[in-house]
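Engineer: Residue numbers (the numbering used here): 603 to 740.
For each residue, glycine too, the CB sits at the ideal point set by N, CA and C.
Handing you a structure now.
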């Protein structure tokens, strides 16, 4: 495997920065419109599967007490639900509600809606891009 040239890395760095700026602008505009903070949005993103409060705290790299406030706000808005873990009734898990699923879809759409170029890629190209990004970020 050859090492990337510094010129290639510079171009890639510029493109990745531009991509992040586009995603951020679209997402932050929608967050403001929906009156959501980044931690609330991150929690919605993390709930593709039900998770315990401890798991959410670990993913946020914060204390569980911080997650309680985040989940309280999301629950008050009807975006998440607390329920008993089916494998251990002593544990409460958090899951997205149908309204939370819809909000997550809006946020993803807002972020990626700024990337009109994605619509020009074939399924094969999208698969290749997915594979390359997976190699970069795991």
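#1: Does DSSP put residue 650 in a helix, a strand or coil?
#2: Taking the alpha-carbon of residue 679 as reference, which of 711, 716, 638 has the nearest alpha-carbon?
#3: Hey, residue 681 and residue 701: beta-carbon distance below 9 Å or not?
#4: Residue ranges of each beta strand (DSSP E) run of no fewer than 3 residues wholly in the region 666-734, ordered along the chain?
#5: Could you tell me the distance, in whole angstroms, from the CA atom of residue 693 to the CA atom of residue 703?
#6: Return helix, strand or coil for residue 807, following the three-state DSSP convention.
#7: Which class does residue 638 belong to by DSSP, given the choice of helix, strand or coil?
#8: Using a Cβ distance threshold of 8 Å, determine whether the region 634-650 contacts the region 721-735, with at least three qualifying pairs required.
#9: With distances taken from CA atoms, which of 624, 738, 684 is nearest residue 673?
#10: Do residue 712 and residue 631 count as a contact pair if the criterion is CB distance below 9 Å?
#11: With a CB to CB cut of under 8 Å and the five nearest residues on each side skipped, what residues in its chain are close to residue 659?
Structural biologist: On the basis of the data shown:
#1: The sequence position of residue 650 within the chain shown is 48, counting from 1. The answer is coil: DSSP assigns residue 650 none of H, G, I, E or B.
#2: Residue mapping note: residue 679 aligns to position 77 of the chain shown, counting from 1. That would be 638, whose Cα lies nearest to the Cα of residue 679.
#3: By 1-based counting over the chain shown, the position of residue 681 is 79. By 1-based counting over the chain shown, the position of residue 701 is 99. Contact: yes.
#4: 682-687, 690-698
#5: For the purposes of this step, residue 693 is taken as residue 91 along the chain shown, with counting starting at 1. For the purposes of this step, residue 703 is taken as residue 101 along the chain shown, with counting starting at 1. Residue 693 and residue 703: Cα-Cα distance of roughly 23 Å.
#6: Since the displayed the chain opens at 603 and closes at 740, residue 807 lies outside it and no answer follows.
#7: One-based indexing of the chain shown puts residue 638 at position 36. Residue 638: coil per DSSP, three-state reduction.
#8: no
#9: Locating residue 673 in the chain shown gives position 71, counting from the first residue. Ranking 624, 738, 684 by Cα distance to residue 673 puts 684 first.
#10: As a first step, residue 631 is located in the chain shown; it is residue number 29 there, counting from the start. As a first step, residue 712 is located in the chain shown; it is residue number 110 there, counting from the start. Yes, they are a contact pair.
#11: For this step, residue 659 is matched to residue 57 along the chain shown. Excluding positions up to five away in sequence, the list reads 665, 666, 668, 669.
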